[in-house]
């Protein structure tokens, strides 16, 4: 019984993770400028990754395995945040302008 | 693990084949793209992706050791080297002579056609390949006990075929020697005359610095772990060294480099330590009345693990020196600073 | 441990006496004139003594042989037989004379260590050629000769001499390639390259089955040798090479290079194929025609030359072919004539080149037109020149007469009457290009009437006088023991031909 | 009692270990001590080769299971006459080159260049020694890589970086092809050991494809026609002592591996006769192309580099002779003799080029006028070594030429004899060009003025090698087991 519940929860979480990953990817492809693309990637993918890790976490056999999963998650989140920051910074310094609606452009 | 998790990990044969096929196509595609890409930055990025995909492929082939090395060296360190070169090119505004379309097309054909033909033939041969004699895997497992280590890869690398490994260690040292040879300079005792290499100092990136500060010790720990675990599980000196060198590269790009000047004698000593230790160990066996590199069963484990420790440190030093590049030539007396 | 027995040491000593001298001279400082001269003369004298001792030994029936395994089961063999002693005696004697001459001639010029080093190597190679016991050894020294003469030809380093050197190699290297091809062909076909009496080495080869191969090999061998012997049409380098210093010309024309070619042809005809086989395959007849043509062509060209050394060079082209003609005629008397001419031509031609060198060196006269009255200005030199010139024409009692006499008799003996015609025509041509010159020197007044008498210095004069005297003595006393003619008879008797 | 069981393991191991240790030491410290150490190790390596030769002579071919593991698990070094003599000769050449480099490099570029040269040379020496003894297709690969990388480093050493880079890239491609071949062999026959492979390989597509790949790989690394393009710029632009090692010794590495494969494994594939004829034709083209290019050059070092391309062509021409039954013995002996004598001669010639560059600052042929007057010994060395290239007696090249001619006539393949003879004539032309420039005199009166000084040791180092090349003309290679 408890196994069934746990498996069900895992499936739900994985599906959720997949949804956010898909959303992030669509954002990366469809958004108009570098800033918003980074936004889509980091935010959505972090949630997606979080849900996926959570899905595996409840399946973990040992505490060690669980800790490893958490560590992976933490590293991935901080790394992606750092990289996003670097990219945005670089773009900013190189004078890449953020996208505006045509009517808002000066 | 539960049944569901098991079933997701152990994929059906169809899914496996599909995954492998996809991986193969992706590898070929990224390789082609990174070679033909007109934009160098894009090519470098594709190359890094290619390296990671390759690491995946090694995993799929059941070679986690190779996968680790590929990821760390092929994708990581090489990527860093390429990016640095790219930055160098942009700073020095070196522009390639424009190639006409006809030239580039000709070159593509000249390179592409033989590759495709050879690849096709190779595929034909590979598909029809029937091993007539089994490989040495069975033998390795049978004799593994006599080496003291339980990771078959380590048994092959540091015992059965240690000659090859010795020579590969020397190859890395040689790469450093050759790189240093690009700039004629005196030996270490002329050290003070040699300026340490100029490190790129990008504007401070607080987020990056924060991240690297936390990551570096962790990665270093991973390096030590990889060395230690090498005797029983995937890992070992090469992988450990690659990870440690990657830490250095990370420190370097984040402007926090604190490495000793590569020309200093301690650094050079560390770089040669691996090769010297390996050769000396081999000769010591000879002196003990055995064959060159022949480790006695009773102490094999200790010798292998300690040698791998020295190798890890030494190889890391070599890789770091390669990333840092050749030291600047000594300033000529007449030259103004 | 015992040293080598004398029968093995003697050939080695004959070879190395000049080689060692050469090597030491190479390393000598340019300024050590006295030491260099002493070494040169000492080595030359030592070799002469050695040759004398061995000569006596051979006459008494001793054998000398030493071998060193070289390649593919073939040895480097040095063997003394009467024929080789003929050539060695000639070269050892002329080396001595030429060394004296060269020391005087090159006084005060640069790079003398280099010159005398190669000079000695050149003689070493000649001795090696003479001693060679098989074709491999022969080739070994034959190439060494090419290499050691090239630096002598280009010694002056001028554009002209470099050109001469280039032309020399242009003939010598392809020719030696052909020679090598022939030797290897023979080695593969017969399994040996030995020089054995009457070509008995080929005895085991079924001639009928391999006639084509044997003919091809013969053409390759003779083709390779003909370039050095300056047989038509491979003679072109010899007149060019006269730009070299006079001692070198003497060496090229009289001792080493052309003689090596002629000697090689003797070896191939006598000791590889044997006269009979060469005749049966139709090879010696072809060779005779070629030699005759060269004799006539060389004489005609000599007639047209205005430069003294160039005229002498063309005369060499013609005269060396007498030797080959003698070989190719394949009769017992003609053989004697050819063999003895090897020596006689050397002695006469070296005299002529010594004299030409003296004239050029003392009075800077190179053209025949400028030789008027030279007999009064340099009586001794011109006397020597005249004797040698008469010898070349073949007048008795000079050595040249002996050669031509035997050749003529030999030709009649084998029924080759046409050869007599060739001999007569060429003698007339010889006279036509030498006599006017002699006449000019003795009987026409010098252009510059005030020019006094000034002969060459002694180091240049004495060698010329010695060889001139020999020209007469060898003719007068041809029938006494230990003259070339007597030795040649010994060769013919020693079951060798 | 034979000493071989005692001495051979030591000599073999030290031939690898000493150069590596010394190379590492020279990387850390420099100065006179390092120079002495390097020279001493080169001499010792040669001595080890002599010990190995004596051992092989006494007890036949020796096999040394490294790390105590026999194939297929471990790696065996096979020490036969070929390997032993190669070790001895290589050490000798390295010793001469090190003596020369010590002075000439510093004369050329100021202090420090010879310091950078030394560790590269020593590691190269160790790699070559290991290559000679390797008897395992993968071990051959690793040693060949080590050798290539050291060679690239030498080209880059104050040379032309573009040439070095091209060399590296071709080398990597060659390595890749070779590796693919290795992989196929292992997959099909389950071993990398040459002796075991020789017994296991069966005729068929897999073996042929694997060996074809490996041959293409070593052809790229060994600059065998038509994959030779990288060699002339690399050897022509490197500093002269480096070129001496590269053209003299390293250039033979590729062919050496090819020969090992050819002798042990190739006959079993059944594709040898056809492949031999193809390689022979390629070798012919190499002889023609390399010689004609050499004749066209205006710089001595580039001329010598093209001549290496041509001489490697001879080695390829020897393959169809080796593949024939009648010509096998003399063809093989000829190829070995050619390798040995060309190694000494070409190294000597590059050293003379280095000596001339050290005094004159360049190696343009037209400006070599008067060299024979100023430096008679160097000019003499040039000519003496040139004799080997032309295959004239008395030189090792002559013995090689004789044996190859013998093999081609014996096996009825006279057309290869024509190639060999024609090629040596072309060699005569380019050797003559170099010598004749040095013999010519600059315009003006010859003077007894002091020529520009040339350290004695530069002249002697080159002369010694030329003399060895000549001495090889008096020994026969047929007795190598």
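Residue numbers (the numbering used here), protein chains in the order written: chain U, 34 to 139; chain Z, 2 to 338; chain F, -19 to 477; chain P, 695 to 1175. Even for Gly, the Cβ is constructed at its ideal location relative to N, Cα and C.
Buried versus exposed call for residue i [16 or more other C-beta atoms within 10 Å across all chains shown]
i: residue 26 of chain Z; result: exposed
i: residue 1069 of chain P; result: buried
i: residue 48 of chain F; result: exposed
i: residue 663 of chain P; result: Nothing about residue 663 of chain P can be read from this structure; chain P reaches only from 695 to 1175.
i: residue 214 of chain Z; result: exposed
i: residue 929 of chain P; result: buried
i: residue 20 of chain F; result: buried
i: residue 774 of chain P; result: buried
i: residue 794 of chain P; result: buried
i: residue 139 of chain Z; result: exposed
i: residue 114 of chain Z; result: exposed
Beta-carbon neighbours of residue i, restricted to chain F and to distances below 8 Å
i: residue 733 of chain P; result: Near residue 733 of chain P there are no residues of chain F at all, since even the closest Cβ is about 24 Å away, more than 8 Å.
i: residue 769 of chain P; result: What residue 769 of chain P touches in chain F: nothing, since even the nearest Cβ is about 36 Å away.
i: residue 1118 of chain P; result: 157
i: residue 902 of chain P; result: None at all; the shortest Cβ gap to chain F is about 33 Å.
Boundaries of the beta strand (DSSP E) in which residue i is found, first to last residue
i: residue 131 of chain U; result: First-last for residue 131 of chain U: undefined, no H or E at that position.
i: residue 49 of chain F; result: 44 to 51
i: residue 268 of chain F; result: Segment 263 to 283 is the alpha helix (DSSP H) holding residue 268 of chain F; no beta strand (DSSP E) there.
i: residue 989 of chain P; result: Run containing residue 989 of chain P: none in the beta strand (DSSP E); it sits in the alpha helix (DSSP H), 966 to 990.
i: residue 771 of chain P; result: 770 to 773
i: residue 54 of chain F; result: 54 to 60
Chain-ordered neighbours of residue i on chain Z, where CB pairs are closer than 7 Å
i: residue 58 of chain U; result: Per Cβ cutoff of 7 Å: no residues; residue 58 of chain U is ~15 Å from chain Z at best.
Where residue i meets chain P, residues with beta-carbon distance less than 9 Å
i: residue 146 of chain F; result: 1126 and 1130
Cross-chain neighbours of residue i in chain P, by beta carbon under 7 Å
i: residue 120 of chain F; result: 1087 and 1088
Run of the alpha helix (DSSP H) containing residue i, from where it starts to where it stops
i: residue 304 of chain F; result: 288 to 309
i: residue 221 of chain Z; result: 207 to 230
Contacts of residue i in chain Z (Cβ-Cβ under 8 Å)
i: residue 1176 of chain P; result: For chain P, the structure presents residues 695 to 1175; residue 1176 of chain P sits outside this window and is missing.
i: residue 760 of chain P; result: 163, 164, 292, 293, 294 and 295
Inter-residue Cα distance where the pair is residue i and residue j
i: residue 391 of chain F; j: residue 397 of chain F; result: 6 Å
i: residue 247 of chain Z; j: residue 1167 of chain P; result: 56 Å
i: residue 346 of chain F; j: residue 226 of chain F; result: 12 Å
i: residue 424 of chain F; j: residue 414 of chain F; result: 15 Å
i: residue 270 of chain Z; j: residue 722 of chain P; result: 6 Å
i: residue 94 of chain F; j: residue 155 of chain F; result: 26 Å
i: residue 87 of chain Z; j: residue 42 of chain Z; result: 7 Å
i: residue 75 of chain U; j: residue 120 of chain Z; result: 40 Å
i: residue 711 of chain P; j: residue 1005 of chain P; result: 31 Å
i: residue 779 of chain P; j: residue 744 of chain P; result: 7 Å
i: residue 126 of chain F; j: residue 152 of chain F; result: 7 Å
Contact list for residue i against chain Z, beta-carbon separation under 9 Å
i: residue 894 of chain P; result: 133 and 134
i: residue 87 of chain U; result: Within chain Z, no residue comes near residue 87 of chain U; the closest Cβ sits about 14 Å away, beyond 9 Å.
Per-residue contacts from residue i into chain P (C-beta, under 8 Å)
i: residue 154 of chain F; result: 1119
Against chain Z, which members of the segment 811 to 836 of chain P pass a CB distance test of less than 8 Å? Contact residues of the segment 811 to 836 of chain P toward chain Z are 811, 813, 814, 817, 820, 821, 824, 832, 833 and 836 (C-beta to C-beta distance below 8 Å).
Interface residues of the segment 93 to 106 of chain F facing chain P [CB-CB below 9 Å]: 93, 94 and 97
Residues of the segment 950 to 970 of chain P in Cβ contact with chain F at a cutoff of 9 Å, in chain order, please. none
For the segment 211 to 240 of chain Z, which residues have a CB atom closer than 9 Å to at least one CB atom of chain U, in sequence order? 211, 212, 213, 215, 216 and 219
Counting only Cβ-Cβ distances shorter than 8 Å, please list the residues of the segment 149 to 163 of chain Z near chain P, keeping chain order. Listed by position, the residues of the segment 149 to 163 of chain Z near chain P (Cβ gap below 8 Å) are 160, 161, 162 and 163.
For the segment 112 to 136 of chain F, enumerate the residues whose C-beta is nearer than 9 Å to any C-beta of chain P, in chain order. 116, 119, 120, 121, 122, 123, 124, 126, 127, 130, 131, 134, 135 and 136
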